[in-house]
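*Asks:* Chains as they are written, first to last, in our numbering: chain A, 176 to 286; chain B, 69 to 183. Note that the Cβ used here is the ideal one computed from N, Cα and C, for glycine as well.
1) Taking the CB atoms as reference points, tell me whether residue 74 (chain B) and residue 177 (chain B) lie closer together than 8 Å.
2) State the start and end residues of the unbroken beta strand (DSSP E) segment that holds residue 198 (chain A).
3) Have a look at the DSSP bridge pairing and note the partners of residue 179 (chain B).
4) May I ask which residues mark the beginning and end of the beta strand (DSSP E) holding residue 134 (chain B)?
5) Tell me whether residue 217 (chain A) is buried or exposed, calling it buried when 16 or more other Cβ atoms sit within 10 Å of its Cβ.
6) To the nearest angstrom, report how far apart residue 115 (chain B) and residue 177 (chain A) are at their CA atoms.
7) Closest to residue 89 (chain B) by C-alpha separation, out of B:104, B:130, B:98, would be which residue?
8) For residue 253 (chain A), name the three-state secondary structure that DSSP assigns.
9) To which residues of the same chain is residue 259 (chain A) closer than 7 Å at the C-beta, ignoring the five residues directly before and after it?
10) For residue 79 (chain B) and residue 154 (chain B), what's the separation of their Cα atoms in angstroms?
11) Would you mind reading off the limits of the beta strand (DSSP E) that contains residue 276 (chain A)?
12) Could you name the residues of the same chain whose beta carbon sits closer than 8 Å to that of residue 274 (chain A), not counting the 5 residues immediately before and after it, in chain order?
13) For residue 147 (chain B) versus residue 127 (chain B), is the C-beta spacing smaller than 8 Å?
14) Taking its Cβ as the centre, do 16 or more other Cβ atoms sit within 10 Å of residue 200 (chain A), making it buried, or is it exposed?
15) Does the separation of the CB atoms of residue 192 (chain A) and residue 254 (chain A) fall below 8 Å?
16) By how many angstroms is the C-alpha of residue 71 (chain B) removed from the C-alpha of residue 106 (chain B)?
Here it is as structure tokens:
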């Protein structure tokens, strides 16, 4: 079945860049999304990338996709304390419209 | 319309009781999804609708769970004879099929606690 893996924790200093990595198994995923979840809240869509792209930049966010290795990353430039949250990558399964989530990466930003 | 809304935000119930949650999607979104999220895990897909048609149901959705979207707008998720294992955050999302990106936008969730 489809699977998504992310490292559980990442700790960075305020002002540094954060890189959150994700590997997935469904090679036919058409869209791959990044969501942010703050404690007790729903999921906020940050950005997405289409499978025929290898990079997408959106303000402080840069998404890199290596389709051959099924590896996705999210880089957050100039990380702020408000970026502290759990980040989920979520490939969309190609023959349905459901998203597959892993356990997420908890980003902690310290001053 | 500012986003997906869900009611109630919190529900505490006793084991064996029935509960019903409501989701109002973003206006004009024709797809509506239900996910469940347990503590420390990512959301898991439960089911989704295109307009009023329920197109897919996960194996996670036991016979005690039923979802409806009668007029293709809001949706309800009912859990009958709740069990402690049903305790979770129930998330609703909506999208407009065919748009570039097909983004799913999530509501704030309904947190269910079964005692």
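*Replies:* This is what the structure holds:
1) Cβ atoms of residue 74 (chain B) and residue 177 (chain B): closer than 8 Å.
2) Here the beta strand (DSSP E) through residue 198 (chain A) covers 193-199.
3) In the DSSP secondary-structure assignment, residue 179 (chain B) is bridged to B:78, B:157.
4) For residue 134 (chain B), the enclosing beta strand (DSSP E) begins and ends at 133-136.
5) Burial state of residue 217 (chain A) is buried, judged by a 10 Å Cβ sphere holding 16 or more other Cβ atoms.
6) For residue 115 (chain B) and residue 177 (chain A), the distance between alpha carbons rounds to 16 Å.
7) Among B:104, B:130, B:98, the Cα nearest to that of residue 89 (chain B) is on B:104.
8) Assigned with DSSP and collapsed to three states, residue 253 (chain A) falls in coil, not helix or strand.
9) These residues qualify, in order along the chain: 282, 283, 284.
10) Take the alpha-carbon of residue 79 (chain B) and the one of residue 154 (chain B): they are about 12 Å apart.
11) Taken as a continuous stretch (DSSP letters only), residue 276 (chain A) belongs to no beta strand (DSSP E), as it is neither H nor E.
12) 208, 265, 266, 267, 268.
13) No.
14) The Cβ neighbour count for residue 200 (chain A), taken over all protein chains shown within 10 Å, is under 16; the residue is labelled exposed.
15) Yes, the Cβ-Cβ distance between residue 192 (chain A) and residue 254 (chain A) is below 8 Å.
16) Looking at the two C-alpha atoms, the distance is approximately 23 Å.
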